[in-house]
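Numbering (my numbering), first residue to last: 2 to 502.
Positions of the beta carbon are idealized from the N, C-alpha and C atoms, including for glycine.
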Amino acid sequence: MQNRNATTEPETTRTPPAGGPEERFGLLLEAVRRRITKQQYATWFQRTSLVRWQGADLAIGVPNTFYQQWFQRHFRAMIAEVAGALTSSAVQVTFQLAGQLAVPLAGGEAPTAGTPTPAEPTTPGTSMGASPGTPPSAAAVAPTPAPAPVGPTPFHGTGHDDRPLLLGQHYTFENFIVGPSNHMAYASARAVAQEPGRAYNPLFIHGPVGLGKTHLLHAVCHEFLARSPSERICFLSCEEFINEFLLALKLNDVDRFRQRFREVHLLVIDDIHFLAGKERTQEEFFHLFNRLYQQHRQIVISSDAAPSEIPTLEDRLVSRFKWGLVANLEQPEMETRMAILRRKAELQGVEVPADVVEFIAANFRSNIREIEGALLSVMARARITSAPIDLPLAQEALAPSLHRARPAVTMDQILERVAAHYQVKPSDLRSKKRTRLVSLARQVVMVLARRLTPLSLGEIGQHFGGRDHTTVLYGIAKVEAEMLANPRFQSEINRLADRLA
Ligand code: ADP
Ligand code: MG
């Protein structure tokens, strides 16, 4: 078996045999490792094993039910996303108890011998026990690990709260690419982190999935922590808030639930739209909000919809959410998408040629998570085939998801749009006519066809009175050189592409 110890050299120790589920699983772990902290990886992933990966069915072995619940709640979505990106199709992820079957993988020092591993959830421990969310390696120093009945919650408190705060290490302001689509949300998040309780309270960030809400919330916490390490943060997803509140109700333990929020300086709730239809939790949250607000404690909230668009959200909450600043995130422009891709590649430590960045950015537009998934697929293919990352490889790697993603733009649509833009006739573009404007428009069509359709160079040439593929290639190269030299021309072409797709 390969060594999955994150603290050794995974690149060299975990190179899997070619092909097959084991190899894919190795790539998956690799991708996961890059997304979370070393500590998290060592704690949770080191003891996983592959049970099976057949088609859309991925079963991962975990040592006990505690792990199983934790993975289910906190890692399932991420694993499904990475697995989906690797296979270019949806993957159903389950976690199976593999304790009896799979021996912990070699080379681990973290939660193995001598270290109390997370046990089955039992009775709540005393307040001095190891925290429920404490990873096993940290629990080793505590006399009795005492998991809470709810199981662990990942994003809580600083060292002062009873739970560790696990922030995505890359989710910082520095790694957030700013463009017109997200500038407002970024600037207000930054202001709030710098002047908590004073700049805007609450800060309400909303936008569709995958556009950086969670990233910004983590960034606020990172910066807040760096500035005020002794102050308390409470960061949780709305679902966690709801679950824990309901559980507290059931256990008649609401006081303790409230206690957790008492001395919090920064409260961050992700995906507040889940409060829809949860009347009792809304009521509880309303009171919590008022209490913290009156004490000038900063509140930051994210949502997939604007306050007044969250169905069945009480009016009094809607109005409170509007007291501070409501900022939204929009679909990023081509330039922003390209910059994000470059940054993500840099964070992954891989070099991705400019044309590949452009190809991905042009084809995946609405969701940054998908863009990242596309980059991962390209990297995975390069690794599997030991080939360098270049445009043909990227096209191959992404072909399945591209064809699924959206109906292809047709050549006629491109011709019409470009002809209208340059005020020439589509028939001129198909003809042999060689005025400067017509030639330019024709070359622009070639570039867009290359980006937006699956057609080969030769096939594109067919649409221009049988010009051969070298002519097409020359046209594309000319436009691309001009784009590089002239940012305004570049934006013009990108806008044309955006409107077509
Ligand atoms: P949301 O919470 O809105 O669904 P996330 O915050 O999870 O979205 O973002 C999805 C992915 O996209 C994350 O990996 C995040 O780092 C990345 N991302 C989104 N916007 C940006 C940006 N402007 N710069 C860099 N990365 C971004
Ligand atoms: Mg999110």
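Looking at the secondary structure, which residues open and close the beta strand (DSSP E) in which D271 lies? Where D271 is concerned, the enclosing beta strand (DSSP E) stretches over L267 to D271.
Taking buried to mean at least 16 other C-beta atoms within 10 Å of its own C-beta, is V104 buried or exposed? Since pLDDT at V104 reaches only 29, below the 50 mark, its modelled position is unreliable, and the value read off the structure follows with that caveat. Per the 10 Å Cβ criterion, exposed.
Extent of the continuous alpha helix (DSSP H) to which G476 belongs: Where G476 is concerned, the enclosing alpha helix (DSSP H) stretches over H470 to A486.
Name, in chain order, the residues that DSSP records as bridge partners for F96. The partner list for F96 (beta bridge, DSSP) reads I61.
Pick helix, strand or coil for A200, following the three-state DSSP scheme. Here DSSP, grouped into helix, strand and coil, assigns A200 to coil.
Please indicate yes or no: does the CB of I178 lie closer than 6 Å to some heavy atom of the ligand ADP? Yes, the ligand ADP has a heavy atom inside 6 Å of this Cβ.
For the ligand MG, I want to know if T215 counts as a neighbour, meaning its beta carbon is within less than 6 Å of at least one of the ligand's heavy atoms. Relative to the non-hydrogen atoms of the ligand MG, the Cβ of T215 comes within a distance shorter than 6 Å of at least one.
Mind the definition here: the stretch 240-260 touches the stretch 297-310 only if three or more C-beta pairs lie below 8 Å; say whether that holds. No: the two stretches stay apart, fewer than three of their Cβ pairs being nearer than 8 Å.
For Q296, does the count of other Cβ atoms within 10 angstroms reach 16, so buried, or fall short, so exposed? Classification of Q296: exposed, given that the 10 Å Cβ count is below 16.
Can you tell me which of the three DSSP states A328 falls into? Correct three-state label for A328: strand.
Touch test, the stretch 384-400 against the stretch 426-446, Cβ-Cβ under 8 Å, three pairs minimum: No contact exists between the stretch 384-400 and the stretch 426-446.
Three or more C-beta pairs under 8 Å: does that hold for the stretch 206-214 against the stretch 328-335? Yes, the stretch 206-214 is in contact with the stretch 328-335.
Can you give the beta carbon distance from A86 to S378, rounded, assuming they're within the 8 Å contact cut? About 5 Å separates the beta carbons of A86 and S378, which is inside the 8 Å limit, making them a contact pair.
Closest to V448 by CA distance: which of R382, E481 and T472 is it? When each option's Cα is compared against that of V448, the closest is E481.
Given this structure, state the Cα-to-Cα distance separating R292 from S90, to the nearest angstrom. It is roughly 46 Å from the alpha-carbon of R292 to the alpha-carbon of S90.
I341 beta carbon near the ligand ADP (any heavy atom closer than 6 Å): I341 Cβ: within cutoff of the ligand ADP.
With distance defined between alpha-carbon atoms, name the residue in M185, V269, C235 and S182 nearest to T215. By alpha-carbon distance to T215, the top candidate from M185, V269, C235 and S182 is V269.
With respect to the alpha helix (DSSP H) encompassing L342, which residues constitute its N-terminal and C-terminal limits? From DSSP, the alpha helix (DSSP H) with L342 extends over M335 to Q349.
So, using beta-carbon positions, are L501 and R366 closer together than 7 Å? No, the pair does not count as a contact, with Cβ atoms beyond the cut-off.
For I302, which of helix, strand or coil comes out of DSSP? Per DSSP, reduced to three states, the secondary structure at I302 is strand.
Measure the C-alpha to C-alpha separation of I37 and R53 and round it to an integer number of angstroms. Their backbone Cα atoms lie some 23 Å apart in a straight line.
Drop a sphere of 10 angstroms on the beta-carbon of K251, count the other beta-carbons inside from all chains shown, and report buried for 16 or more, exposed for fewer. Under this definition K251 is an exposed residue.
Length-filtered (4 minimum) alpha helix (DSSP H) runs lying within the stretch 20-91: Taking 4 residues as the shortest admissible run, the stretch 20-91 contains the following complete alpha helix (DSSP H) segments, listed from N- to C-terminal end: 21-36, 66-71 and 77-88.
Go ahead and pull the three-state DSSP assignment for I372. Look at I372 here: in three-state DSSP terms it is helix.
Here's the rule I'm using: 16 or more other beta-carbon atoms within 10 Å means buried, otherwise exposed. How should D316 be labelled? Answer is exposed; the Cβ neighbour count stays below 16.
Using three-state DSSP, classify F1 as helix, strand or coil. Outside the shown range of the chain (2 to 502) lies residue 1, about which nothing can therefore be said.
Secondary structure, beta strand (DSSP E): runs of 3+ residues fully inside the stretch 207-255: Fully enclosed beta strand (DSSP E) runs of no fewer than 3 residues occupy 234-238 of the stretch 207-255, in order along the chain.
For L403, does the three-state DSSP call read helix, strand or coil? Correct three-state label for L403: helix.
Mind reading off the beta-carbon distance from V358 to M339? Whole number of angstroms is fine, and I expect it under 8 Å. That belief holds up - the Cβ atoms of V358 and M339 are roughly 5 Å apart, short of 8 Å.
Please classify D58: is it buried, with 16 or more other beta-carbons within 10 angstroms of its beta-carbon, or exposed? Label assigned to D58: exposed.
By Cβ distance below 6 Å, which residues in the same chain neighbour T173 in space, the five residues on each side in sequence not counted? Result list for T173: A220 and H223, in chain order.
When N244, L248, D254 and A421 are compared against L276, the one with the closest alpha-carbon: If we check each option's Cα against that of L276, N244 comes out closest.
Rounded to whole angstroms, how far is the Cβ of I341 from the Cβ of I178, which I believe are closer than 8 Å? For I341 against I178, the beta-carbon gap comes to about 5 Å, under 8 Å, which counts as contact.
Is any non-hydrogen atom of the ligand GTP found closer than 6 Å to the C-beta of V210, if you look at the structure I gave you? As for the ligand GTP, it is missing from this structure, which binds only the ligand ADP and the ligand MG.
Helix, strand or coil for P136? Go by DSSP, reduced to three states. Any reading at P136 needs caution, since the residue's pLDDT is 35, under 50, leaving its predicted position unreliable; the model's value is listed next. Coil, per DSSP.
When the distance is taken between beta carbons, is T49 closer than 7 Å to I61? Against a cut-off of 7 Å, the Cβ pair of T49 and I61 comes out as a contact.
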